[in-house]
Structures are given as structure tokens and as C-alpha cells.
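Data block below; observations after.
In the working numbering, the protein residues as written are 25 to 189.
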């Protein structure tokens, strides 16, 4: 099972009334459950973000070249209230958020930086793979929503971007 197929399964669980999905291919088995899953109440629907559990480690895909993203670029969506004109850059995967490639290197982007579509904005580590996250929007970074080395959930907002910046 590929990394992209796993991401699609996570999205399926998070966007549906499913509480749990199990997939088995040969020796590989994956169980994806949402946060409200319980053995006593496995038929109740919930739209919470899923948690992932694996029975054995999956072989890692070959890393992509630096120019190509190793994970799909995050989606941008309008934010409401006082930040109505801002766009969100969201995490496409569950993992650990890093602002730079290593502790001794500068952050990919900071507040006030201008980014374009395809600009690498951070790294999310998932299952020992460091995935460069690219922006799907252009504009000026106005807020970093996550602290460095913090866990992130699927579809969690990482950055707020002013498209007019």
C-alpha cells in the first residue's frame, strides 16, 4: 500500500460517517479510526479526525527529489471572522511539524515572507519520512499557527496567508 493510498483512506474516514476502516494486503494491515471510536459504540457516526494504528511498519517510499513534493500540497480555504481575507495552508498529513530542515538551519518561511504557489513552507515528519509541504497559494505569511516540533493533525491549519500581501 502506498503512502498516497493511506492518505486517501484517512481522508475517507474523516469525511464520512465511518468510525473505523481496516485494510489488509498480504502481511501489511492498517486500521484507521476516528477519535470517537469505541469498541462498545463502533456503529455511531462521527466526523472527527482519524487516528492511525499499524500492526507492522510499512516500507518507506523512495524520497522524491527536492524539487518535487513528497506529499500533496495543502489545500487553501478562506478563514472567517476578522481574518476573512486570509487563506489557510493546512497539513495534508498527520505528523510532526518542523519550520526548518534541521535545528541549525533557518525556517523555510517566517511572518512577513512572501510565498508563491509551490514554495516549500515547512516539513511534516510522518512515519520517519520528512515531507516538504508546498503552498498552493501566493501571498504574505501573516501568522504561523503551530509551534516548531509540535504534532499536527490532518487538515490542521499551519499558516495564515494574505493573498494581497
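For each residue, glycine too, the CB sits at the ideal point set by N, CA and C. Values in this document were obtained by computation on a predicted structure and should not be read as measured data.
For this session: Work out the CA separation of residue 140 and residue 27 for me, nearest whole Å.
Result: The residue you call residue 27 lines up with position 3 of the chain shown. The residue you call residue 140 lines up with position 116 of the chain shown. So the two alpha carbons sit approximately 26 Å from each other.
Exercise. Where do the ends of the beta strand (DSSP E) carrying residue 29 lie?
Worked result: Here residue 29 corresponds to residue number 5 of the chain shown, with the count starting at 1. Unbroken run through residue 29 is the alpha helix (DSSP H), 27-38; no beta strand (DSSP E).
Exercise. Under the three-state reduction of DSSP, which class applies to residue 155: helix, strand or coil?
Worked result: Working through the chain shown from its first residue, we reach residue 155 at position 131. Three-state DSSP puts residue 155 in a strand.
For this session: With residue 129 as the anchor, note down where its beta strand (DSSP E) starts and where it stops.
Result: To locate residue 129, count along the chain shown from 1; it is residue 105. No beta strand (DSSP E) holds residue 129; DSSP gives it neither H nor E.
For this session: Leaving aside the five residues before and after residue 164 along the sequence, list all residues of the same chain whose C-beta is less than 6 Å from its C-beta, in chain order.
Result: If you number the chain shown from 1, residue 164 lands on position 140. Contacts found: 138, 186 and 189.
Exercise. Using the rule of at least 16 other Cβ atoms within 10 Å of the residue's Cβ for burial, across every protein chain shown, is residue 46 buried or exposed?
Worked result: Along the chain shown, read from residue 1 onward, the residue named residue 46 stands at position 22. By the 10 Å Cβ count, residue 46 comes out exposed.
Problem set entry | Alpha carbon of residue 121 to alpha carbon of residue 148, nearest angstrom | Within the chain shown, residue 121 is the residue found at index 97, counting from 1. Within the chain shown, residue 148 is the residue found at index 124, counting from 1. Roughly 5 Å separates the two Cα atoms.
Problem set entry | Top-ranked residue by Cα proximity to residue 54, from 135, 29 and 169 | Numbered from 1 along the chain shown, position 30 holds the residue referred to as residue 54. Minimum Cα distance to residue 54 is reached at 29.
Exercise. Helix, strand or coil: how does DSSP classify residue 161 here?
Worked result: As a first step, residue 161 is located in the chain shown; it is residue number 137 there, counting from the start. DSSP places residue 161 in coil when its eight states are reduced to three.
Exercise. Just how far apart, CA to CA, sit residue 50 and residue 153?
Worked result: By 1-based counting over the chain shown, the position of residue 50 is 26. By 1-based counting over the chain shown, the position of residue 153 is 129. Cα to Cα, residue 50 sits roughly 23 Å from residue 153.
Problem set entry | residue 208, DSSP secondary structure in three states | The structure shown does not extend to residue 208, since the chain is modelled only from 25 to 189, so the question has no answer here.
Exercise. Mapping DSSP to helix, strand and coil, what is residue 119?
Worked result: Translated into positions along the chain shown, residue 119 becomes position 95. Here residue 119 sits in strand by DSSP.
For this session: Kindly indicate which residue of 146, 117, 113 and 118 has the alpha-carbon position closest to the one of residue 129.
Result: On the chain shown, residue 129 is found 105 positions in, with the first residue counted as 1. Of the listed residues, the one whose Cα sits closest to residue 129 is 146.
Problem set entry | Proximity winner among 42, 171, 40 and 33, relative to residue 48 (alpha-carbon distances) | Here residue 48 corresponds to residue number 24 of the chain shown, with the count starting at 1. Minimum Cα distance to residue 48 is reached at 33.
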